[in-house]
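Presented below is the structure to which this report refers.
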Amino acid sequence: MSLTFTSAIQPTIGHEIMERLHLLAQYTEQDGMMTRTYLTPAHRGAAGQIAAWMRDAGMTVRRDAVGNVIGRYEGHNADASVLMTGSHFDTVRNGGIYDGLLGILLPISCIANWHKQGLRFPFPIEVAAFSEEEGVRFKAPMLGSRAIAGTFQQSVLDHVDELGITMRDAMKAADFNPLQISAAAAPRDSIAAFVEVHIEQGPVLLNENLALGVVTAIAGATRYMLELEGIAGHAGTVPMHMRHDAAMAAAEFALFVEQRCSHTPELVGTIGQWTVPNGATNVIPGRVVLSLDVRAGDDAQRLSATADITTELERICTRRGVRSTLKKTYETSSAVCADWLQQGWHASLERNGCTMRSLPSGAGHDAMAIASVAPIAMLFVRCGNGGISHNPAETMAVEDATLASDVFMDFVEHFDALNKNTV
Ligand code: GLV
Ligand code: MN
Ligand code: MN
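In my numbering, the protein residues as written are 4 to 426.
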């Protein structure tokens with residue numbers, strides 16, 4: 004879908020960003036839904052379009068071995084460390100069009116503006132369009148940003164998608180060389196800072212009538228895939244007390260997860276996938292496959308919750324005569340945003356007449372992966388529709404996109420002084 008403007012409306016930078024967000028939504032795996040997972044034809048199409056917009060904005064573009072698209076806007080000093088920004092261009096299944104993409108398209112439009120004016124900075128700016136963050140296809144998130152941080156785990160190459168294709172084979176089929184992944188890592192000290200613009204994906208800014216907020220820290224996360232194996236049997240003949248129903252063990256387990264995570268602010272637990280392979284109405288479930296995602300701003304709280312949850316799983320399964328297999332697919336500590344960069348965002352908010360509001364992020368972001376090699380910070384943009392995200396109802400106002408662009412440009416234009424003050 005493309006936005007049209009009446010002659011009375013002057014298109015702003017926000018309109019350009021909105022229009023491109025809608026254009027990119029055409030690259031989807033499922034008609035009528037926003038689904039773009041790693042290394043699919045839709046993913047390849049979106050990468051090509053992003054690269055084209057980067058070139059139009061005056062950037063040189065490179066593609067690395069995990070499929071990140073990186074645009075570079077050269078500075079006066081090509082050897083200076085880089086101000087990196089960006090976010091991801093994959094999506095969850097049936098998700099929204101703003102998650103991740105805003106953080107790619109907004110800086111591209113800002114750079115196009117500077118390029119038109121012939122304005123360059125003492126440092127290069129790189130826009131990283133990370134190829135994978137959501138962890139949907141191969142149950143391993145942040146593949147793109149981890150490759151740049153040099154923390155890509157080779158073991159995930161053996162993960163398989165729903166069709167049994169390994170990530171290694173999917174990469175080769177898409178012309179990426181898994182043996183070259185380590186070369187995607189940014190050289191030591193080459194990134195002066197990483198800043199990510201992202202929709203908030205929650206209701207805080209909306210409820211306070213604020214367009215923008217500065218992130219203080221990003222919650223850590225632990226993820227597992229679980230398999231519970233009971234005994235499949237005839238739904239009409241096996242008495243209730245003689246069953247080893249894997250789905251009922253999963254149900255009891257799920258309620259424990261909810262109860263354990265309900266009484267600590269900022270601790271959350273989610274079972275987002277729950278399947279009974281080969282299940283049927285008249286068969287007692289013999290096998291269940293579940294995902295588990297536990298997050299908290301405080302790492303100790305998350306670790307204590309996951310320890311209790313795994314102990315309880317064992318207890319439930321023993322009592323019910325069900326076997327459990329647990330595989331940790333992902334773990335990351337919480338990431339704190341650098342004070343000096345947060346102050347930089349606040350100063351830019353103030354210069355643009357915005358209220359200075361700080362908030363933590365419960366959602367994971369590429370910035371967490373980059374935090375192992377560079378100071379990070381994030382700017383959140385208000386969502387509409389109650390703050391809903393990972394849902395087709397996800398939305399954002401064009402005026403907020405324009406304001407976020409003004410604040411981003413102000414931040415970059417003051418970045419050199421900010422950076423020098425910290426050394
Ligand atoms: C990414 O969107 C996550 O927080 O799971
Ligand atoms: Mn997301
Ligand atoms: Mn995201």
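Even glycine gets a Cβ: it sits at the ideal position worked out from N, Cα and C.
Item: Exposure label - Glu-317; buried when at least 16 CB within 10 Å; Value: exposed
Item: Delimiting residues of the alpha helix (DSSP H) encompassing Gly-106; Value: 105-120
Item: Cα-Cα separation, Asn-71 to Asp-34; Value: 25 Å
Item: Extent of the continuous beta strand (DSSP E) to which Ser-134 belongs; Value: From DSSP, Ser-134 is part of no beta strand (DSSP E); its letter is neither H nor E.
Item: Cut-off 7 Å between Cβ atoms - residues of its own chain near Ile-234, not counting five sequence neighbours on either side; Value: His-247, Gly-289
Item: Gln-157 versus Ala-186: straight-line alpha-carbon distance, rounded; Value: 13 Å
Item: Beta-carbon proximity list for Ser-264, same chain, < 8 Å, skipping 5 on both sides; Value: The question names Ser, yet the displayed sequence has Cys at residue 264. For Cys-264, where only same-chain residues beyond five positions count, the Cβ hits under 8 Å are Leu-270, Val-271, Gly-272, Val-297, Ala-308.
Item: CB contact flag (Arg-39, Asp-93, <8 Å); Value: yes
Item: Nearest-angstrom Cα separation, counted from Asp-192 out to Leu-215; Value: 30 Å
Item: Neighbour flag for Ala-370 against chain D, beta carbons, 8 Å; Value: Among the chains of the structure shown, chain D does not appear; only one protein chain is present.
Item: Alpha carbon of Thr-240 to alpha carbon of Ala-283, nearest angstrom; Value: 15 Å
Item: Below 5 Å from a heavy atom of ligand 1 - residues by beta-carbon; Value: Ala-366, Gly-367
Item: Counted within 10 angstroms of its Cβ, other Cβ atoms place His-162 as buried (16 or more) or exposed; Value: buried
Item: Backbone secondary structure at Ala-420 - three-state DSSP; Value: helix
Item: Assigned exposure category for Leu-122 - 16 Cβ within 10 Å defines buried; Value: exposed
Item: Beta carbon of Ser-148 nearer than 8 Å to that of Tyr-41; Value: no
Item: Environment of Gly-347 [buried if 16+ CB atoms lie within 10 Å]; Value: buried
Item: Integer-rounded CB distance, given that Ile-151 should sit under 8 Å from Ala-132; Value: Actually they do not touch by this definition, with Cβ atoms about 11 Å apart.
Item: Close-in-space but distant-in-sequence residues of the same chain around Glu-353 (CB under 8 Å, 5 per side omitted); Value: Met-359
Item: Pocket of ligand 3 defined by Cβ to heavy atom distance under 5 Å; Value: Asp-102, Gly-103
Item: 8 Å contact criterion, which Ser-351 and Asp-403 should meet: CB distance rounded; Value: The Cβ separation is near 15 Å, so there is no contact.
Item: Three CB pairs or more closer than 8 Å across the region 63-82 and the region 20-30; Value: no
Item: Residues near Val-207 in its chain [Cβ-Cβ closer than 8 Å; skip 5 each side]; Value: Gly-216, Leu-362, Gly-390
Item: Residues bridged to Asp-192 (per DSSP); Value: Paired residues: none, contrary to the question.
Item: Residue from Ile-221, Ser-408, Gly-324 whose Cα sits closest to the Cα of Ile-379; Value: Ile-221
Item: heavy atom of ligand 2 below 7 Å from Glu-261 C-beta; Value: no
Item: 8 Å Cβ cutoff met for Leu-329 and Leu-229; Value: yes
Item: C-beta atoms of Leu-105 and Val-384 nearer than 8 Å; Value: yes
Item: Inter-residue spacing [alpha-carbon to alpha-carbon] between Leu-295 and Arg-140; Value: 16 Å
Item: Opposing strand residues paired with Tyr-30 [DSSP bridges]; Value: Answer by DSSP bridge pairing: none, since Tyr-30 is not bridged.
Item: Rounded straight-line distance, which links the Cα of His-118 to that of Lys-423; Value: 24 Å
Item: Among Met-371, Glu-137, Leu-213, nearest to His-91 - alpha-carbon criterion; Value: Glu-137
Item: Same chain, Cβ closer than 7 Å to Ile-274, five either side skipped, listed in chain order; Value: Ala-257, Val-260, Leu-293, Ser-294, Leu-295
Item: Any non-hydrogen atom of ligand 2 closer than 7 Å to Glu-135 Cβ; Value: no
Item: Arg-65 - containing beta strand (DSSP E), residue span; Value: 63-66
Item: Which of helix, strand or coil DSSP assigns to Phe-259; Value: helix
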